[in-house]
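Novice: Going by the UniProt record's numbering, the sequence shown opens with residue 24, and the numbers climb by one from there.
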Amino acid sequence: LASRLPHVGTTIFTVMSALAQEVGAVNLGQGFPDFDCDPRLIQAVTAAMQAGHNQYPPMAGVPVLREGIARKVEAIYGHRYDPSREITVTAGATQAILTAILALVHPGDEVIVLEPCYDSYVPNIELAGGTVVRVPLTPGTFRPDFARIAAALTPRTRAILVNTPHNPSGTVWRADDLQRLYDLVADTDVWLISDEVYEHMVYDGQPHHSLATHPGLAARALIVSSFGKTYHVTGWKVGYVLAPAPLMAEFRKVHQFNVFTVNTPMQHGLAAYLADPAPYLGLSAFYQAKRDRFRAGLARTRFRLLPCEGTYFQCVDYSGLSVPERDLPEAAFCEWLTREVGVAAIPLSAFYGDGFDQHVVRFCFAKRDETLDAALARLARL
Ligand code: PMP
Ligand code: GLN
């Protein structure tokens, strides 16, 4: 069988969660909460099922949810998307990103990714027949390096994939990053795919600068978000895409022939729950408390903390540990940490095409305080 993705194995998130489960480790690897969502959200979905919302919804998503998304986005980012033509509900961000890439990228087109990057981007571009152009984020700070992005632009560049707040580094783009991106693409035909799934997890009073806040960028961007992240329901797989009407028309052509629609009662339940802004407006404070607890604990270990401005991920450098395993490459270190110390993490090398190894691993702190404390007690021994 001639593989469409010959270099791809099983995603690191699946591998590390399976190992954590096998050996009974505290799982700070794959990003998902170990606590449940708001019971009102479950009631809203149950009520939708009982009200008979159980057949196919419209292809782009139930209107009441698209209207709710439009209101939310306008209220917080100041940009009005037309729910009928510019918003589509997706089966999570993963399907949204693949669909966006399939809709935009023609064989031979170049697509710029900023490494380290989320592991689905590169295989998605390859499936579309595109050429992946890897541009490193600034080593150490993981901030975008616009000189390098500019140097990577060619007449064949079709799109740039942006991710802020950034998985895995937790870096959050600033207002001037948006302007510098605009200055680069303003006179080009380059589209932007902006993965903003962690939009409601930004710390220390910083805002999330959505591409929707910048009219020049919004005019050429497909912006992706995920209710899984925002509402602690990663298993529900519901997200959405925002884009100007001509771009969205192309997105929907592909969307209708891969999932066609996303499940109906979840959409109605989410629409009802979305009417209350408190859950998403309070999310940053909720996770900042967890970040601070986790960082305070890690500061008492030999791990070196990297900054975390957003997302629910904390990266650490393990090269200063007292154990000989500090010299292992990241993947082997994570396996050892999971098996022998009982804490699962994700190697940063999984986010690089060439497996670049910097002795840094990623922990997820979307966990109950007891879970974080149990992990910290184990990590403190190293
Ligand atoms: N993009 C990034 C940066 C992510 O971290 C994730 C979640 N792991 C996704 C996309 C996929 O989101 P979803 O679960 O909604 O498909
Ligand atoms: N996005 C999550 C992470 O980065 C995991 C999602 C997945 O398992 N594909 O950990």
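Note that CB positions come from ideal geometry on N, CA and C, so glycine has one too.
At the level of alpha carbons, what is the spacing between residue 412 and I246?
Specialist: Nothing in the structure corresponds to residue 412, since the chain is present only between 24 and 405.
Novice: Using the beta-carbon count (16 or more within 10 Å), is A170 buried or exposed?
Specialist: Classification for A170: exposed.
Novice: Out of curiosity, what's the CA-to-CA distance linking Y263 and V38?
Specialist: Looking at the two C-alpha atoms, the distance is approximately 27 Å.
Novice: By how many angstroms is the C-alpha of T117 removed from the C-alpha of T394?
Specialist: Spanning the two alpha carbons is a distance of roughly 27 Å.
Novice: What's the call for T161, buried or exposed, on a 16-neighbour Cβ count within 10 Å?
Specialist: By the neighbour-count rule (16 or more Cβ atoms within 10 Å), T161 is not buried but exposed.
Novice: Cutting at 6 Å between CB atoms, please list the residues of its own chain near V87, excluding the five before and the five after it.
Specialist: Hits under 6 Å: A294.
Novice: Just to check, is the beta-carbon of Y141 closer than 6 Å to a non-hydrogen atom of ligand 1?
Specialist: Y141: yes, Cβ under 6 Å from ligand 1.
Novice: Is G262 near ligand 2, judged by its Cβ being under 6 Å from some heavy atom?
Specialist: Result no, Cβ not under 6 Å from ligand 2.
Novice: Mind checking V339: buried by the 16 CB within 10 Å criterion, or exposed?
Specialist: By the neighbour-count rule (16 or more Cβ atoms within 10 Å), V339 is buried.
Novice: If you reduce the DSSP assignment to three classes, tell me which class E138 lands in.
Specialist: Strand at E138.
Novice: If I'm right that L184 touches L240 with Cβ under 8 Å, what's the distance once you round it to whole angstroms?
Specialist: That belief does not hold up - the Cβ atoms of L184 and L240 are roughly 14 Å apart, past 8 Å.
Novice: Starting from the C-beta of R362, find all residues in its chain whose C-beta is less than 6 Å away, skip the five residues before and the five after it, and write them out in chain order.
Specialist: So the list reads V46, once near-sequence residues are dropped.
Novice: Please state the DSSP three-state secondary structure of Y104.
Specialist: Looking at Y104 - three-state DSSP - the assignment turns out to be coil, as it is neither helix nor strand.
Novice: Does DSSP put N190 in a helix, in a strand, or in coil?
Specialist: Looking at N190 - three-state DSSP - the assignment turns out to be coil, as it is neither helix nor strand.
Novice: Give me, in chain order, the residues of the same chain whose beta-carbon lies closer than 7 Å to that of K252; leave out the 5 immediate sequence neighbours on both sides.
Specialist: Same-chain partners within the cutoff: V220, Y221.
Novice: For C140, tell me which candidate among L51, H231, S40, R166 has the shortest Cα-Cα distance.
Specialist: Nearest option by C-alpha distance: R166.
Novice: Hey, quick one: how far does the beta strand (DSSP E) through G262 stretch, first residue to last?
Specialist: G262 -> beta strand (DSSP E) spans 262–265.
Novice: Could you tell me the alpha carbon to alpha carbon distance between Q337 and E109, rounded to whole angstroms?
Specialist: Distance between the alpha carbons of Q337 and E109: 34 Å.
Novice: Mind checking whether the beta-carbon of G54 lies closer than 6 Å to any heavy atom of ligand 2?
Specialist: Checking the Cβ of G54 against ligand 2 gives yes.
Novice: Is P347 helix, strand or coil when you go by DSSP?
Specialist: Residue state, collapsed to three classes: helix.
Novice: Using three-state DSSP, classify F386 as helix, strand or coil.
Specialist: Strand at F386.
Novice: How about R179 and E149: are their beta carbons less than 7 Å apart?
Specialist: Result no, Cβ atoms of R179 and E149 do not sit closer than 7 Å.
Novice: Helix, strand or coil, according to DSSP, for W196 in the structure here?
Specialist: Coil.
Novice: Could you check which residue in A322, A354, C387, C331 has the C-alpha nearest to that of L405?
Specialist: For L405, the nearest C-alpha among the options comes from A322.
Novice: For the segment 283–291 and the segment 65–77, state whether three or more C-beta atom pairs, one from each stretch, are separated by less than 8 Å.
Specialist: Yes: at least three Cβ pairs fall under 8 Å.
Novice: Please report the Cβ distance between F317 and F388, rounded to the nearest whole angstrom; I am assuming they are in contact, meaning their Cβ atoms lie under 8 Å.
Specialist: Contact flag correct, Cβ pair sits at about 4 Å.
Novice: Assuming contact is defined by CB atoms lying nearer than 7 Å, are A50 and A367 in contact in what I supplied?
Specialist: Checking the sequence shown, residue 50 turns out to be Asn, not Ala. Yes.
Novice: Please indicate yes or no: does the CB of I36 lie closer than 6 Å to some heavy atom of ligand 2?
Specialist: Inspection of the sequence shows that residue 36 is occupied by Phe rather than by Ile. Answer for F36: yes, Cβ within range of ligand 2.
Novice: So the candidates are R157, V112, F326, V261; which of them puts its Cα closest to the Cα of V85?
Specialist: The option with the nearest alpha carbon to V85 is V112.
Novice: Would V256 and V285 be called neighbours here (beta carbons separated by less than 7 Å)?
Specialist: Cβ atoms of V256 and V285: not closer than 7 Å.
Novice: Can you grab the Cα-Cα spacing for the pair G212 / L127, in whole Å?
Specialist: For clarity, residue 212 is Asp in the given sequence; the question names Gly instead. Near 11 Å, if we compare the C-alpha coordinates of L127 and D212.
Novice: On the CB-based measure, 16 or more other CB atoms within 10 Å of its CB, does A93 come out buried or exposed?
Specialist: Buried, by the Cβ-count rule.
Novice: For ligand 2, any of its heavy atoms closer than 6 Å to the Cβ of N286?
Specialist: Because no heavy atom of ligand 2 lies under 6 Å away, the Cβ of N286 does not count as near it: no.
Novice: Regarding N190 and ligand 2, is the C-beta to nearest heavy atom distance less than 6 Å?
Specialist: The answer is yes for N190.
Novice: So is the beta-carbon of D57 under 6 Å away from any non-hydrogen atom of ligand 1?
Specialist: It does not: the Cβ of D57 is nowhere closer than 6 Å to a heavy atom of ligand 1.
Novice: Pull up the distance between the alpha-carbon of L207 and that of P62, whole angstroms please.
Specialist: If you take the alpha carbons of L207 and P62, they lie about 45 Å apart.
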